[in-house]
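To start, the structure under review is shown below, and the notes come after it.
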Amino acid sequence: MGGLQNVRSATLIGHNGSGKSLLLAQILYKSGLIDKADTKYVDYDPVEEEKGASFSSHVASLEWKGKKVYLIDTPGFSDFISEVINGIFVSENIISVVNAVAGVEIQTERTWNMADEMKKPIIVFVNQMDKERANFENVVAELKERFSRKIVPVVVPIGAAENFEGVVDLLKKKVYRYDGDKVQEEDMPENFNDMRSEILEDIVEQDEELMMRYLDGEEIGYDELMRVLRESYKKGEIVPVLSGSALKGIGLDLLLDYLGDIGVSPEEAPSYKALLEDGTEIEVKFSEEEPFCAYIFKSVVDQFVGRITFAKVIAGVLRSGDTIVNVQKDVSEKLGHIYVPILKQQKEVESAGPGEIVVLLKLKEGAVGETLAHRDRRVKIVPPAFPEPMFSRSVHPKSKSDIDKISNGLSRLSDSDPTFVWEYDSETGETVVSGLGAMHLDVMIERLKKIFGVDVEVGKPKIAYRETITTTAVAEHKHKKQTGGHGQYGHVKIQLEPLPRGQGYEFVDKIVGGVIPRNFIPSVDKGIREAMKKGVLAGYPVTDVRVILFDGSYHEVDSSDISFQIAAIQAFKKGMEAAKPVILEPIMEVEVFVPEENAGDVMGEISSRRGRPLGMEPSGKGMVKVKAEVPLAEMLDFSSKLSSITSGRGYFTMRFQRYEIVPPNIQEKIIEERRREMQEQEK
1 MGGLQNVRSA TLIGHNGSGK SLLLAQILYK SGLIDKADTK YVDYDPVEEE KGASFSSHVA
61 SLEWKGKKVY LIDTPGFSDF ISEVINGIFV SENIISVVNA VAGVEIQTER TWNMADEMKK
121 PIIVFVNQMD KERANFENVV AELKERFSRK IVPVVVPIGA AENFEGVVDL LKKKVYRYDG
181 DKVQEEDMPE NFNDMRSEIL EDIVEQDEEL MMRYLDGEEI GYDELMRVLR ESYKKGEIVP
241 VLSGSALKGI GLDLLLDYLG DIGVSPEEAP SYKALLEDGT EIEVKFSEEE PFCAYIFKSV
301 VDQFVGRITF AKVIAGVLRS GDTIVNVQKD VSEKLGHIYV PILKQQKEVE SAGPGEIVVL
361 LKLKEGAVGE TLAHRDRRVK IVPPAFPEPM FSRSVHPKSK SDIDKISNGL SRLSDSDPTF
421 VWEYDSETGE TVVSGLGAMH LDVMIERLKK IFGVDVEVGK PKIAYRETIT TTAVAEHKHK
481 KQTGGHGQYG HVKIQLEPLP RGQGYEFVDK IVGGVIPRNF IPSVDKGIRE AMKKGVLAGY
541 PVTDVRVILF DGSYHEVDSS DISFQIAAIQ AFKKGMEAAK PVILEPIMEV EVFVPEENAG
601 DVMGEISSRR GRPLGMEPSG KGMVKVKAEV PLAEMLDFSS KLSSITSGRG YFTMRFQRYE
661 IVPPNIQEKI IEERRREMQE QEK
């Protein structure tokens, strides 16, 4: 079973409720790795157990007909999209699980688009054919309508709902009927011939020579059809569609067969982009010959075991006892045991090669997105882009004795999720957590309670406002302090200029003639960066400012790094006050999916929230998609309002678009609210 060509990895993507977790559990049950097809084996995180849903990815390995298979189950909620992004990033194949009743849902579309962006081939599994109102033909029609790749149904159902009997493999011309763990194979009846002819045409047209033979009436053999299907799938030209039922275990064996037969192996997969220590970009390919390199795509915080790290081996071979380096943290670690994952169980192995997924216990460091490498080639795999966390809340430990525990817990949780961040403001004494939405923060706070035993009070949502300037201003500050011994002296003159939105910060050194020595220039830059952490209007971080250092003076004895930092901080504050500062707010790109009859009401609601409707387009099944740009501050309670307008049928997604200046009347309210917060914190 060795060799890169016999390794397959696939990530399960799709909308919440499509049955991904049960699909994985059933596959593991059929493989003899768990004793019951139950999602409790998959959703084993304490919060997942309580809520009965997946909030993180879950990984399992198995052997199937000579192939070593790794499957990653991902959450179907948009708040946990980072788990999906990383799952897609580390898999060579994607299985889009679609609910046969609901069809193509918002997360189906969103996760499919992510796979498209990363150029990953997709197999569709139409699940829940045993459910009432299941309709395979409607799902296939929707897939063809929504997506540009050629949709080719290769394993189709016999019947649906209570009449669902089994599946037909149109290429093999075989029927499979299931009775528990028994599968009965029969020849395909003639009434499926038209359906088979249709998909044969879709396949043979990918190969000119094969198409000519087919048009001449020649019978094309199974092996040749599979060869073209395999090549077209790997190029992303064809999406094979299969069907079945995870609940009844129907069609899962064929899904694994197709993954093994046409799936991309590490040997055929594209390289990963990586950076050397000097910033040079290189390509790291799956190869046993190159130095070891692995990407951390999942990190679990366990109250008993500690840190559990999941890494995808890209290059080299990892062996027990090896010394490896966490490149981002510059920390060396000597490995003890190496495991491969089977959900919450692990199986120990002596080594793991390219394309394989390993579990490492109790690493000193190991945040998601970091790279483990051989000390002689410290490459950093370039991680995928993650959404910026825009939804924040304050958290306060109920017990003062938990202050240290909360910092440790939040640090470990942020290591496990690049879209969850936290910071402690020493001036206000406030800890603020940020994530992708209310559900995201609720789950992370629940984990904080259950895993680390920290009970917290949660404050109201906070918006990631920013401050900037609207005009040019010149400012100077002379910091002069005389005490016993050396004094302090730093003097700077700076000019502040507004930058285009999204440019951040630019420091320009225009000192000539040594009026400020070269060794103090970085101190000025450092001081300005420090000052930008808190603006002059409401204490929000400052952005989109160019600072030009053009003059100043120094003292041969009293000047120091700290003196110039202090001078820069004070000069920046003066300059910002003079440069007509304003508050910026995050503007979100919002897509709202609603029944046609509710579209007008939703457009009106968006407009009432300072939103800009950008248009509307059909979304299938009597639904429309309303596109808009809306300030994040106006979206915090939108979910409940949308549910009320659409009787629970509407849903929406949003992502950060840009920052814009807040209208003056709103700005006054923000400043007043911020002052009130700070006064309360000082009490």
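End of the sequence shown sits at 683 in full-length UniProt numbering; the numbers just go up one at a time, nothing left out. In this text, a Cβ means the ideal position worked out from N, Cα and C, and glycines have one as well.
Checklist entry - What residue does the alpha helix (DSSP H) around K573 start on, and which one ends it? => result In the sequence shown, the residue the question calls residue 573 occupies position 573. First-last of the alpha helix (DSSP H) with K573: 561-578.
Checklist entry - When DSSP labels each residue in this structure, what does Y178 get in the three-state scheme? => result Residue numbering aside, residue 178 sits at position 178 when the sequence shown is read from its first letter. Three-state result, Y178: strand.
Checklist entry - Terminal residues of the continuous beta strand (DSSP E) containing R213? => result As a first step, residue 213 is located in the sequence shown; it is residue number 213 there, counting from the start. That residue, R213, is in no beta strand (DSSP E); its alpha helix (DSSP H) goes 208-215.
Next on the checklist: Taking a contact to mean a Cβ-Cβ separation below 9 angstroms, would you say E299 touches R307 in this structure?
Outcome noted: As a position in the sequence shown, residue 299 is number 299, starting the count at 1. As a position in the sequence shown, residue 307 is number 307, starting the count at 1. Inspection of the sequence shows that residue 299 is occupied by Ser rather than by Glu. Yes, these two residues count as a Cβ contact at 9 angstroms.
Checklist entry - Excluding five sequence neighbours on each side, which residues of the same chain lie with their C-beta closer than 8 angstroms to the C-beta of I403? => result For the purposes of this step, residue 403 is taken as residue 403 along the sequence shown, with counting starting at 1. Correct list, in chain order: P397.
Item to check | R466 - containing beta strand (DSSP E), residue span | outcome: To locate residue 466, count along the sequence shown from 1; it is residue 466. Element bounds for R466: 466-469.
Checklist entry - Per the contact definition of three or more C-beta pairs closer than 8 angstroms, is the region 82-90 in contact with the region 66-74? => result yes
Item to check | Extent of the continuous alpha helix (DSSP H) run through F638 | outcome: Here residue 638 is taken as the residue at index 638 of the sequence shown, counted from 1. 638-646 is the span of the alpha helix (DSSP H), which, as asked, contains F638.
Checklist entry - Should E585 go down as buried or exposed, given a rule of 16 or more other Cβ atoms within 10 Å for buried? => result Working through the sequence shown from its first residue, we reach residue 585 at position 585. E585 comes out buried.
Next on the checklist: Let me check understanding here. Comparing Cα to Cα, which of T309, G353, V368, G369 lies closest to residue 694?
Outcome noted: The structure shown does not extend to residue 694, since the chain is modelled only from 1 to 683, so the question has no answer here.
Checklist entry - Comparing alpha-carbon positions, which option in G279, D302, E289 lies nearest V327? => result Here residue 327 corresponds to residue number 327 of the sequence shown, with the count starting at 1. Measuring from the Cα of V327, the nearest candidate turns out to be G279.
Checklist entry - What residues in its chain sit with their C-beta under 8 angstroms from that of M1, if we drop five residues either side in the sequence? => result Here residue 1 refers to the residue found at position 1 when the sequence shown is read from its first residue. Because the pLDDT of M1 is 49, which lies under 50, any placement of that residue in the model is unreliable, and the number read from its coordinates should be weighed accordingly. Result list for M1: E63, G66, K67, K68, in chain order.
Checklist entry - Given that a residue counts as buried once 16 or more other Cβ atoms are within 10 Å of its Cβ, and exposed if not, what is K364? => result Taking the first residue of the sequence shown as position 1, residue 364 is located at position 364. K364 should be labelled exposed.
Checklist entry - By how many angstroms is the C-alpha of G502 removed from the C-alpha of A531? => result In the sequence shown, residue 531 corresponds to position 531, counting from 1. In the sequence shown, residue 502 corresponds to position 502, counting from 1. Whole-angstrom Cα-Cα distance: 19 angstroms.
Checklist entry - Between the Cα of L410 and the Cα atoms of R447, E388, V382, which residue gives the shortest distance? => result Looking up residue 410 in the sequence shown gives position 410. Closest by alpha carbon: R447.
Next on the checklist: Looking only at its chain, what residues have a beta carbon closer than 6 angstroms to the beta carbon of H555, apart from the 5 residues adjacent to it on each side?
Outcome noted: Start at 1 with the first residue of the sequence shown, and residue 555 comes out as number 555. Y489, listed in sequence order.
Checklist entry - Apart from the five residues just before and just after R612, which ones in its own chain have a Cβ nearer than 7 angstroms to its Cβ? => result Residue numbering aside, residue 612 sits at position 612 when the sequence shown is read from its first letter. Excluding sequence neighbours, R612 sits near A628, E629.
Item to check | Coil, strand or helix - M1 by DSSP | outcome: Looking up residue 1 in the sequence shown gives position 1. Bear in mind that the predicted position of M1 carries a pLDDT of just 49, short of 50, making it unreliable; the figure below should be weighed with that in mind. If DSSP states are grouped into helix, strand and coil, M1 belongs with coil.
Checklist entry - To the nearest angstrom, how far is it from the Cα of V239 to the Cα of R412? => result By one-based count along the sequence shown, residue 239 stands at place 239. By one-based count along the sequence shown, residue 412 stands at place 412. Answer to the nearest angstrom: the Cα atoms are 39 angstroms apart.
Item to check | First and last residue of the uninterrupted beta strand (DSSP E) at N127 | outcome: Within the sequence shown, the letter at position 127 stands for residue 127. Per DSSP, N127 belongs to the beta strand (DSSP E) from 122-127.
Checklist entry - From Y295 to K312, what does the alpha carbon distance come to, in whole angstroms? => result For the purposes of this step, residue 295 is taken as residue 295 along the sequence shown, with counting starting at 1. For the purposes of this step, residue 312 is taken as residue 312 along the sequence shown, with counting starting at 1. In this structure, the straight-line span from the alpha carbon of Y295 to that of K312 is close to 5 angstroms.
Checklist entry - Tell me which same chain residues have a C-beta within less than 7 angstroms of the C-beta of V417, skipping the five on either side of it? => result Here the question's residue 417 lines up with position 417 in the sequence shown. The question names Val, yet the displayed sequence has Asp at residue 417. The residues are S82, V368.
Next on the checklist: Please classify N127 as buried or exposed, where buried requires at least 16 other C-beta atoms within 10 Å of its C-beta.
Outcome noted: As a first step, residue 127 is located in the sequence shown; it is residue number 127 there, counting from the start. It counts as buried.
Next on the checklist: How far does the alpha helix (DSSP H) with P522 in it extend, from its first residue to its last?
Outcome noted: Locating residue 522 in the sequence shown gives position 522, where the first residue counts as 1. P522 -> alpha helix (DSSP H) spans 521-531.
Next on the checklist: Considering only DSSP beta bridges, list what G355 is partnered with.
Outcome noted: In the sequence shown, counting from the first residue as 1, residue 355 sits at position 355. Paired residue(s): none; G355 is not in a bridge.
Checklist entry - Is there contact between the region 282-296 and the region 145-165, where contact requires at least three CB pairs shorter than 8 angstroms? => result Counting Cβ pairs under 8 angstroms, fewer than three are found: no touch.
Checklist entry - Looking at I469 and E430, is the spacing between their C-beta atoms short of 9 angstroms? => result Position 430 of the sequence shown holds residue 430. Position 469 of the sequence shown holds residue 469. For E430 and I469, no; Cβs fall outside 9 angstroms.
Next on the checklist: Using a 10 Å radius around the Cβ and a threshold of 16 neighbouring Cβ atoms, would you call A385 buried or exposed?
Outcome noted: The residue labelled residue 385 in the question sits at position 385 within the sequence shown. A385 should be labelled exposed.
Item to check | Euclidean distance between Cα positions of L247 and Q26 | outcome: Residue numbering aside, residue 247 sits at position 247 when the sequence shown is read from its first letter. Residue numbering aside, residue 26 sits at position 26 when the sequence shown is read from its first letter. Cα-Cα distance, rounded: 7 angstroms.
Checklist entry - Helix or strand or just coil, what does DSSP make of S619? => result Translated into positions along the sequence shown, residue 619 becomes position 619. In this structure, S619 counts as strand in the three-state DSSP scheme.
Item to check | Buried or exposed (CB count within 10 angstroms, at least 16 for buried), Q5 | outcome: Locating residue 5 in the sequence shown gives position 5, where the first residue counts as 1. If you draw a 10 Å sphere on the C-beta of Q5, you find fewer than 16 other C-beta atoms in it, and that means exposed.
Checklist entry - Considering K460, what are the terminal residues of the beta strand (DSSP E) in which it resides? => result The residue given as residue 460 occupies position 460 in the sequence shown. From DSSP, the beta strand (DSSP E) with K460 extends over 456-463.
Item to check | Own chain residues within Cβ distance below 7 angstroms of M603, not counting five before or after | outcome: If you number the sequence shown from 1, residue 603 lands on position 603. Here the set comprises P613, V626.
Next on the checklist: Please classify K36 as buried or exposed, where buried requires at least 16 other C-beta atoms within 10 Å of its C-beta.
Outcome noted: Within the sequence shown, residue 36 is the residue found at index 36, counting from 1. Answer is exposed; the Cβ neighbour count stays below 16.
Checklist entry - My guess is that K172 and Y222 are in contact by the Cβ rule of under 8 angstroms, so how many angstroms apart are they, rounded? => result On the sequence shown, position 172 is the one that residue 172 refers to. On the sequence shown, position 222 is the one that residue 222 refers to. The C-beta distance from K172 to Y222 rounds to 6 angstroms, short enough to meet the 8 angstroms contact threshold.
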